[in-house]
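Undergrad: Residue numbers (our numbering): 44 to 198.
By construction, the Cβ of each residue, glycine as well, lies at the ideal position given by its N, Cα and C atoms.
Could you have a look at this structure, given as structure tokens, before my questions?
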């Protein structure tokens, strides 16, 4: 199994209007054996069963249920292929980056979504409100080297 090392910034913005906007910035590095030689997309795509066995062709992100306004983009703004599957328990975003990730290769991208405020903001008996949002890396098969979380609340 290949490992992906990750640095991440998670920004959670609570709105007056019944929604929470979550934006996650990723710096991803494939920590497996380094790719040797020249990469040929033609060769890679013409022999999918033989080429790229140590590469990641897609990434799977598990998002909260009832997400809306989901987006994915890389550091230059390009949107690669992605598919979103949702049900009442979870949402899964399958991302296909512009290029596969081989050992030593890096990728920088952003995943963003909105979630209903009532699913994560609660009020205690004394009137204190609290946010109950699980944060961490939603990407399968990754290890997080550094995670920074910023929460913005309305004043």
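Cβ of residue 134 within 8 Å of Cβ of residue 108?
TA: Yes, these two residues count as a Cβ contact at 8 Å.
Undergrad: Quick check on residue 50: does DSSP put it in helix, strand or coil?
TA: Reduced to three states, the DSSP call for residue 50 is strand.
Undergrad: Determine the closest residue to residue 110 out of 63, 48 and 186, with distance taken between C-alpha atoms.
TA: When each option's Cα is compared against that of residue 110, the closest is 63.
Undergrad: Can you look up residue 44 in the DSSP assignment and give me helix, strand or coil?
TA: Confidence at residue 44 is low in this model, with a pLDDT of 44, below 50, so the placement of that residue is unreliable and no value is reported for it.
Undergrad: With 16 other CB atoms within 10 Å as the buried threshold, where does residue 199 fall?
TA: Within the shown structure, residues of the chain are numbered from 44 to 198, placing residue 199 beyond reach of any answer.
Undergrad: Cα separation between residue 198 and residue 160?
TA: Approximately 16 Å, taken between the alpha carbons.
Undergrad: Only counting the same chain, and skipping five residues up and downstream in sequence, which positions put a Cβ closer than 7 Å to that of residue 127?
TA: Answer for residue 127: 113, 134 and 136, listed in chain order.
Undergrad: Residue 77: which of 148, 58, 106 and 53 sits nearest, CA to CA?
TA: With distances taken between Cα atoms, residue 77 lies closest to 148.
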